[in-house]
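Peer 1: Throughout the sequence shown, residue numbering follows our numbering, covering 63 to 188 in sequence.
Every residue gets a Cβ at the ideal spot worked out from N, C-alpha and C, and that includes glycine.
Keep in mind the model is a prediction, meaning the values are calculated, not measured.
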Amino acid sequence: MHEQVTVAGFRLAGAAADLLGVTSFAVQLLFVVQFGWDDAARYAAFLQNLLMSGLFIAMFAARAGTRGQTLLIAVAKWVGTLAPTIALGWYGNSPLILGVGVLCSVFDLVYIGLLWRARQPGAARG
63 MHEQVTVAGF RLAGAAADLL GVTSFAVQLL FVVQFGWDDA ARYAAFLQNL
113 LMSGLFIAMF AARAGTRGQT LLIAVAKWVG TLAPTIALGW YGNSPLILGV
163 GVLCSVFDLV YIGLLWRARQ PGAARG
């Protein structure tokens with residue numbers, strides 16, 4: 063019985079992964095239809111980056127600590143998003159990219175703060 067449940071679970075996970083893959087492709091295609099090839103890549107990338115910023119905070123909370131996470135990675139992600147935000151959002155005169163980039167910075171700075179605080183003496187380790 064246990065083996066059947068495990069096999070069914072793997073099949074369900076595989077089907078969910080396939081569905082997410084098809085969905086991701088469809089959403090990216092919709093971005094291309096709406097914005098054209100160049101802008102679609104920029105807009106989709108910034109929205110994906112915003113999602114990642116939120117998920118990093120969620121990972122920190124779910125793990126109740128810093129296991130598998132470093133301050134260096136957090137700062138590199140922030141700077142790596144900040145540079146194209148300035149280039150494409152500010153200098154490129156794109157309010158959408160600028161706005162989403164600023165939101166990414168807010169989430170990234172919160173994440174950096176969480177990691178920094180967790181490094182302090184007496185902080186709980188994950």
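For residue 155, which of helix, strand or coil comes out of DSSP?
Peer 2: Here residue 155 is taken as the residue at index 93 of the sequence shown, counted from 1. It is coil, neither helix nor strand.
Peer 1: How do the segment 167-178 and the segment 126-137 stand: do at least 3 beta-carbon pairs fall below 8 Å, yes or no?
Peer 2: Counting Cβ pairs under 8 Å, three or more are found: they touch.
Peer 1: Determine contact between the segment 103-115 and the segment 154-168, defined as no fewer than three beta-carbon pairs at a distance below 8 Å.
Peer 2: yes
Peer 1: Going by other Cβ atoms of all chains shown within 10 Å of its Cβ, with 16 needed for buried, is residue 85 buried or exposed?
Peer 2: Translated into the one-based positions of the sequence shown, residue 85 becomes position 23. When all chains shown are included, residue 85 counts as exposed.
Peer 1: According to DSSP, is residue 104 helix, strand or coil?
Peer 2: The residue labelled residue 104 in the question sits at position 42 within the sequence shown. If DSSP states are grouped into helix, strand and coil, residue 104 belongs with the helices.
Peer 1: Counting only the same chain and skipping the five closest in sequence on each side, list residues whose C-beta sits under 7 Å from that of residue 76.
Peer 2: The residue given as residue 76 occupies position 14 in the sequence shown. Taking C-beta separations shorter than 7 Å and ignoring five residues to either side along the sequence, residue 76 has no partners in its chain.
Peer 1: Quick check on the DSSP output: the alpha helix (DSSP H) that includes residue 146 runs from which residue to which?
Peer 2: Locating residue 146 in the sequence shown gives position 84, where the first residue counts as 1. Residues 133-146.
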